[in-house]
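Per mature numbering (1 follows the signal peptide of the UniProt record, and there is no 0), the sequence shown runs over residues -24 to -1, 1 to 485.
Where is the CB? At the ideal position from N, CA and C, for every residue including glycine.
Everything numeric in this text was worked out from a predicted model, so none of it was measured.
Take a look at the structure set out below.
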Amino acid sequence: MLFPHSVLRASLAVCLLGLLSACANTNLGDALQRSLGADPKLKDNPPKNLGRPSPNKPQTTPEKQKSVPLPEDFPTEIPRYQQATLEQVEPLKDAAGPGKLTIWSSPDPINLIQNFYQKTFESGGWEVLDQPEDQDGGTFIVRRNDLDVTLSIPSVATTGKSTAASSSKPPAVATNSSVTTFDIQYVRDGKDTKAEKPQPSQKPTQAEKPTQAQKPTQAQKPTQAEKPTQAQKPQPSQKPQPSQKPTQPSEVASKPAQVRSGKPEKFTDLDKVPRDLRKYVADLAELGVLTPDTANPKTNADSQGTQFAPNQTISRRQYARWLMDANNRIYANRPGLQIRLASNTTQPAFQDVPRTDPDFPYIQGLADAGLISSPLSGDSTAVLFRPNAPLTREKLMLWKVPLDTRKALPKASIEAVKETWGFKDTAEIDPKALRAVLADFRNGDLANIRRVFGYTILFQPKKTVTRAEAGAALWYFGSQGEGQSAKEALFLKPQTSQPSGAPKATPSN
């Protein structure tokens, strides 16, 4: 059966070849060739969508990004990241003043964007109320005059969509493999609190005549004490002094030792201090360690007296100043345990604390002593101190406990801290602060955590610290019964009233 089929197939093939050969150079052959050949029109007009991606995706993204204009009321004071594109603008609901929510995207990673805004805010005259603790994103809350700005950066880079934008926006950024999306919210409250501060101390009725310095009787009332030569009576030069009192804490850069005069502040709101912390705060206030809340001028109006504001959050710069001052005053009779103030010729350890900073002698002095992390202590990443950022519980312990033990902190682990303190959130504590927390446990009833926070099984390491809590922590320095408290230092104060304790730390100036 196979042989006849093979012969038949071979015969058909020969016949077909003969037929095709016979059609060569004939009209029939040409027709067959044209019918089986490629369409010549495709050579000159290739298909538009063949071998290319759809033009919708690559072209609509830049068009949508460019189609969102900057709001007309967008403040020029807000720094703009050059590699960011405005994606969306939304109105604010229930805001205290006019403002908007703007959503931005950038191909750059989170740390570059965060470093840009961190440096710009801290060096551009902004009051930094809150900012991230690390380089993995977070929220900046800053203020400048009457402008409040909240900048939120996600903890991870978004891929394919924005975490803050509405559902209609993600397709615009879906073409990028990795996009960092962040939002900037700005609100103007319509009140410039900084401009209003001098007015209560300047007589409002004479505020309209500040330029008439030619008349001696009118030049005495405004705050033009800088021109005493134009006034015939020298006595009025003493009148502006009360209006200068609120600014004294910011003028300590050239003469930092003057704030350590030992004169206690007479606070009028110590009754607002939590009862368990009141005695600690009262002793430190009498010792002259505590200072008014200069970060909140409204709490220190003349009509209210000097306000301590015990429940306000304390900044890192305020705590650094108190830490050095409390240590030096409590150990006023032991110069070997005092921390030396840094001189104004010292090379700054932090980029955001220059020599002109009013708290440079304190912060730099702590860095020189190795009590806070800096490039001087071998931490090359700690180039920013963030002086205006809120103090957290773990930082309070990390800076204070070394002054209690006066020796290297012990090695610590999460398990060791859990076994001693029993904190359920031990894993959230910074590894550097773990050592301080463990060492503090060995101080028994004089431990900072017990004195400040009482009994607790939640340490909450990232929680901010109040001014009253910071004062309670600084009431006692020492370890395992060998130390000294602010109350004990008050009895030693008359014996050291002439040097006043703190000026002993000034030889480095």
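The C-beta separation of alanine 465 from tyrosine 256 comes to about 13 Å, leaving the pair out of contact by the 8 Å criterion.
The shortest CA-to-CA distance from threonine 440 to any of Asp401, Thr381, Glu370 is the one to Glu370. DSSP places valine 125 in the uninterrupted beta strand (DSSP E) bounded by 123 to 129.
Here the alpha carbons of proline 83 and alanine 258 stand approximately 53 Å from one another. Annotation: the continuous alpha helix (DSSP H) that includes phenylalanine 417 extends over 407 to 417. A residue is called buried when at least 16 other Cβ atoms come within 10 angstroms of its Cβ; glutamine 64 meets this threshold and is buried.
Excluding five sequence positions before and after aspartate 416, the CB atoms of its chain that fall closer than 7 Å to its own CB belong to Met373, Val377, Ala423, Asn424, Ile425, given in chain order. With contacts defined by Cβ atoms closer than 8 Å, phenylalanine 361 and arginine 427 do not form a contacting pair. In this structure leucine 263 is buried. Its beta-carbon is surrounded by 16 or more other beta-carbon atoms within 10 angstroms. If you look at arginine 120, you'll find it in the beta strand (DSSP E) that goes 114 to 120.
A residue is called buried when at least 16 other Cβ atoms come within 10 angstroms of its Cβ; glycine 312 does not meet this threshold and is exposed. If you draw a 10 Å sphere on the C-beta of alanine 403, you find fewer than 16 other C-beta atoms in it, and that means exposed. Counting C-beta pairs closer than 8 Å gives three or more between the region 333 to 350 and the region 283 to 297, which meets the contact rule. Cβ atoms of proline 286 and lysine 239 stay farther apart than 8 Å, at about 20 Å. Counting only the Cα atoms, glutamine 314 lies some 5 Å from asparagine 304. Residue state for threonine 244 is assigned as coil, using DSSP reduced to three classes. Cβ atoms of threonine 396 and leucine 410 stay farther apart than 8 Å, at about 11 Å. Comparing alpha carbon positions, the residue from Gly100, Gly101, Gln90 closest to threonine 115 is Gln90. In the assembly as shown, tyrosine 431 is an exposed residue. Its beta-carbon has fewer than 16 other beta-carbons within 10 Å. Within the same chain, and ignoring the five residues on either side of leucine 246 in sequence, the residues whose Cβ sits closer than 8 Å to its Cβ are Arg254, Val257, Ala258, Ala261, Phe284, Pro286. Taken atom to atom, the span from the alpha-carbon of arginine 310 to that of glycine 354 is near 29 Å. When the beta-carbon positions are compared, leucine 299 and tryptophan 375 come within less than 8 Å of each other. Counting only the Cα atoms, glycine 398 lies some 43 Å from arginine 331. Secondary structure of serine 461 (DSSP, three-state): strand. A Cβ-Cβ contact shorter than 8 Å links aspartate 406 with proline 437. Alanine -15 counts as exposed, since fewer than 16 other C-beta atoms from the protein chains shown sit within 10 angstroms of its C-beta. Within a 10 Å sphere around the beta-carbon of aspartate 328 sit 16 or more other beta-carbons, which makes this residue buried.
Under the rule that a run must span 4 or more residues, the alpha helix (DSSP H) segments found entirely inside the region 308 to 351 read 336 to 344. When secondary structure is reduced to three states using DSSP, lysine 394 falls in the helix class. Residue state for proline 51 is assigned as coil, using DSSP reduced to three classes. Residue burial annotation: valine 104 is buried, with at least 16 other C-beta atoms found within 10 angstroms of its C-beta. Rounded to the nearest whole angstrom, the CA to CA distance from valine 359 to alanine 446 is 24 Å. Its chain contains Ile433, Leu434 as the residues whose beta carbon lies nearer than 8 Å to that of lysine 400, once the 5 sequence neighbours on both sides are disregarded; these appear in chain order. Here glutamate 109 carries a coil assignment [DSSP, helix/strand/coil]. By DSSP's assignment, aspartate 159 forms a beta bridge with Ile79, Ser128. Just measuring C-alpha positions, the residue of Pro51, Pro85, Lys95 sitting nearest arginine 120 is Pro51.
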